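Asks: What follows is a single structure, and I will ask about it in a moment.
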Amino acid sequence: MQIFLYITLATIIIVSISSSILRKKSYPKYWIPSVLLLGISFVIAVVSFFTMDDGWASMSFFFMFISITIGSLIGTAISMLTKFKTV
């Protein structure tokens with residue numbers, strides 16, 4: 222269960238940094254990093270659900286998807302709440 226906490230924290234850091242960089246460059250679609258991570262983890266969760274024989278292993282990929290979803294939402298929110306100095 223500890224690995225999901227690490228995944229969530231890593232996702233928060235990655236998404237907030239990449240979204241902040243995109244926002245700093247005045248790119249209007251700063252939510253793309255979180256959507257990209259969500260899409261990849263969703264595809265992995267669905268494929269593992271249909272292809273894996275062990276239900277527990279399949280369920281762990283679903284929990285990974287939930288961890289990435291929470292991390293992406295928090296990381297994007299942190300990026301949105303960050304104020305940048307205009308030079």
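Quick note on my numbering: the sequence shown kicks off at 222 and runs consecutively.
Quick reminder that beta carbons are idealized off the backbone N, C-alpha and C, glycines included.
Just so you know, these numbers come straight off a predicted model, no measurement behind them.
Contact between the region 272 to 281 and the region 249 to 257: three or more CB pairs below 8 angstroms?
Replies: The answer is no - the region 249 to 257 does not touch the region 272 to 281, with fewer than three Cβ pairs under 8 angstroms.
Asks: Distance, Cα to Cα, TYR248 vs SER240?
Replies: Position 27 of the sequence shown, counted from the first residue, corresponds to residue 248. Position 19 of the sequence shown, counted from the first residue, corresponds to residue 240. Near 9 angstroms, if we compare the C-alpha coordinates of SER240 and TYR248.
Asks: Decide if ALA266 is buried, meaning its Cβ has at least 16 other Cβ atoms within 10 Å, or exposed.
Replies: Here residue 266 refers to the residue found at position 45 of the sequence shown. Per the 10 Å Cβ criterion, buried.
Asks: Measure the alpha-carbon distance for GLY292 versus PHE283 and round it to whole angstroms.
Replies: Along the sequence shown, one-based indexing puts residue 292 at 71. Along the sequence shown, one-based indexing puts residue 283 at 62. For GLY292 and PHE283, the gap between their C-alpha atoms comes out near 14 angstroms.
Asks: Would you report the Cα separation of ILE228 and ARG244, rounded to the nearest angstrom?
Replies: Against the sequence shown, residue 228 aligns to sequence position 7. Against the sequence shown, residue 244 aligns to sequence position 23. Roughly 24 angstroms between the two C-alpha positions.
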